[in-house]
Amino acid sequence: MATFEFNLATPADDDQLRCLMSDVGMEGAMQVCFPREPSFFQASCVHGTKVQTLVMRPRFSNRIVGMGIRSIKPVFINGESRMVGYLGSLRLLPEFRKAAGLAQGYHYLRQCHVEDGQVPFYLTTVVEDNHTARRVLESGRCGLPTYHNVGGFCTYAINPKTRIRCVSSLQVRRANLADVQPILDFLHRQGRAKQFFPVYTREDFEGSSGQLHGLNVEDLFLALDGHELVGVTGLWDQRGFRQTMVMGYRRPIAFWRPLINGWARVRGAPCLPATHEVLNLRYLACICVRENDPDIFTHLLATVCRVSRGQVDLLMAGFHERDSLGGVVAACPHVSYRSRLYQVYWQGDEPLEESSSDRIAYLELGGL
24 MATFEFNLAT PADDDQLRCL MSDVGMEGAM QVCFPREPSF FQASCVHGTK
74 VQTLVMRPRF SNRIVGMGIR SIKPVFINGE SRMVGYLGSL RLLPEFRKAA
124 GLAQGYHYLR QCHVEDGQVP FYLTTVVEDN HTARRVLESG RCGLPTYHNV
174 GGFCTYAINP KTRIRCVSSL QVRRANLADV QPILDFLHRQ GRAKQFFPVY
224 TREDFEGSSG QLHGLNVEDL FLALDGHELV GVTGLWDQRG FRQTMVMGYR
274 RPIAFWRPLI NGWARVRGAP CLPATHEVLN LRYLACICVR ENDPDIFTHL
324 LATVCRVSRG QVDLLMAGFH ERDSLGGVVA ACPHVSYRSR LYQVYWQGDE
374 PLEESSSDRI AYLELGGL
């Protein structure tokens, strides 16, 4: 007899899901949670064009003790638009983190995967120092799919007070509604060079329920070489529907945090935030520059820091370990945490071949 029951969440589950997202965070040296206020489902559109929330309950109980999100969206794979899945927001109450429930959850996930047959594989990230989760997921036991490691993914937090020196003659300005189509053309033309870059549409920029919900066109910054568009970066404020909060720190960071913050202030780096406060941060979004040129991105980042100064506490950016644009952010005083990016698939699926790994992976940090 099954210990747990699994099904897809409905709006009636919103309260329980919001509690779970607030109470259970990402494990690591810094434990972070992502509350979804005022509505869990309102925030879900940023994950993809199709989003399913799988929930886990003990038999004969209506209490949700675990959840995970399966989302699907179009991305560029080897330069062509294809649908790919993403697995994220896995949350389990500590007392229910047992192999039996995990195995049943992945069995239900595979049923959803087979029923619609929309994607050949999934992507997911796991915090690098969460060794317990990585060991279980990489084991392949208990009916789990294959988790194929495709490299590191680093999330950076930088202080907008950082002053970045630029030597190029590029001009940077805010976008307006007349720029939407040129921006889309540029993202499609340059984004296809990267693996998994999202295939955005006009509805994502102009709709209230698209993948870029909360990102207005005016929040995008354009780098221009004369009249030629050569770079795009957005400042994405998600606090109205999806928050970020530090729940706590492991030792020795918890003990040394006051001294760490004192040194951070001297260096101009971000301080480690206080616990249980919503962070005033922005995600760098739609990061795309001509030929992945770090100099162009440097100019965009300098402008974004300048306009954010005094209004924003942290700027967040995420890059695959092989992306040279990540080096621009890493050169600034920063706090970072590392994850591993996995390609997830079952036997009989169509994972990417190793020969496809020459392209640099891109994930939209604000959509994870």
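For the sequence shown, position 350 (counting from the first letter as 1) is numbered 373 according to this note's numbering, and the numbering increases by one without interruption. Ideal Cβ placement from N, Cα and C applies to all residues, glycine included.
Query	Result
Within the segment 255-306, note down every full beta strand (DSSP E) run reaching 3 residues or more, in order along the chain.	268-272
Which parts of the segment 296-372 are runs of the beta strand (DSSP E), unbroken and 3 residues or longer, counting only runs that do not cross its ends?	304-312, 337-343, 357-368
Does DSSP put GLN234 in a helix, in a strand, or in coil?	coil
Applying the criterion that 16 or more other CB atoms from any shown protein chain within 10 Å of the CB defines a buried residue, is THR26 buried or exposed?	exposed
Give me the DSSP bridge partner(s) of ARG196.	LEU245
Please go through the same chain and pick out, in chain order, the residues whose beta-carbon is closer than 8 Å to the beta-carbon of ALA52, but skip the five residues on each side of it.	ASP152, TYR272, ARG273, ILE276, TYR360
Output the distance between the C-alpha atoms of LYS73 and TRP286, rounded to the nearest integer angstrom.	44 Å
Measure the alpha-carbon distance for PRO97 versus TRP279 and round it to whole angstroms.	44 Å
As a quick exercise: from CYS311, ARG86, ARG80, ASN284, pick the residue whose alpha carbon is nearest that of LEU210.	CYS311
So does the segment 188-202 actually touch the segment 244-257, counting three or more Cβ pairs closer than 8 Å?	yes
Classify HIS70: buried if its beta carbon has 16 or more other beta carbons within 10 angstroms, exposed otherwise.	buried
ARG105 lies in the beta strand (DSSP E); which residues open and close that run?	103-115
Starting from PHE176, follow its DSSP beta bridges and name the residues at the other end.	HIS343, SER362
For THR185 and GLY257, what's the separation of their Cα atoms in angstroms?	18 Å
Can you grab the Cα-Cα spacing for the pair ASP318 / CYS328, in whole Å?	15 Å
Classify LEU63 as helix, strand or coil using the three-state DSSP reduction.	Here residue 63 turns out to be Phe, not Leu, going by the sequence shown. Looking at PHE63 - three-state DSSP - the assignment turns out to be helix.
Considering only C-alpha positions, which residue in the set GLU28, THR76, GLU314, VAL352 is nearest to ARG215?	GLU314
Less than 8 Å between the beta carbons of GLU344 and GLY175, yes or no?	yes
Let me know the secondary structure DSSP gives GLN218 once reduced to three states.	strand
Among MET268, GLN370, ILE283, which one has its Cα closest to the Cα of ASP46?	MET268
Quick one: grab the DSSP three-state call for PHE228.	helix
At the level of alpha carbons, what is the spacing between MET44 and TYR145?	22 Å
What are the boundary residues of the alpha helix (DSSP H) that includes GLN39?	37-46
Using the beta-carbon count (16 or more within 10 Å), is HIS322 buried or exposed?	buried
Can at least three beta-carbon pairs, one atom from the segment 25-40 and one from the segment 82-97, be found at a separation below 8 Å?	yes
Considering just the uninterrupted stretch of the alpha helix (DSSP H) at THR76, what are its terminal residues?	Premise fails: THR76 lies in the beta strand (DSSP E), 73-81, not in any alpha helix (DSSP H).
Please state whether DSSP places GLU251 in a helix, a strand or coil.	strand
Is DSSP giving VAL88 helix, strand or coil here?	coil
Got a sec, what are the start and stop residues for the beta strand (DSSP E) LEU160 sits in?	LEU160 -> not in any beta strand (DSSP E); alpha helix (DSSP H) instead, spanning 154-162.
Roughly how many whole angstroms lie between the Cα atoms of GLY102 and VAL255?	19 Å
For the candidate residues TYR170, HIS130, GLN234, ARG288, whose alpha-carbon lies nearest to that of HIS357?	ARG288
On the DSSP bridge assignment, give the partners of LEU167 in chain order.	Answer by DSSP bridge pairing: none, since LEU167 is not bridged.
Any contact between the segment 195-205 and the segment 158-170? By contact I mean 3 or more CB pairs, one from each, below 8 Å.	no
At the level of alpha carbons, what is the spacing between LEU282 and GLN366?	39 Å
How would you call HIS236, buried or exposed, if buried means at least 16 neighbouring beta carbons within 10 angstroms?	buried
What would DSSP say about ARG120, mapped onto helix, strand or coil?	coil
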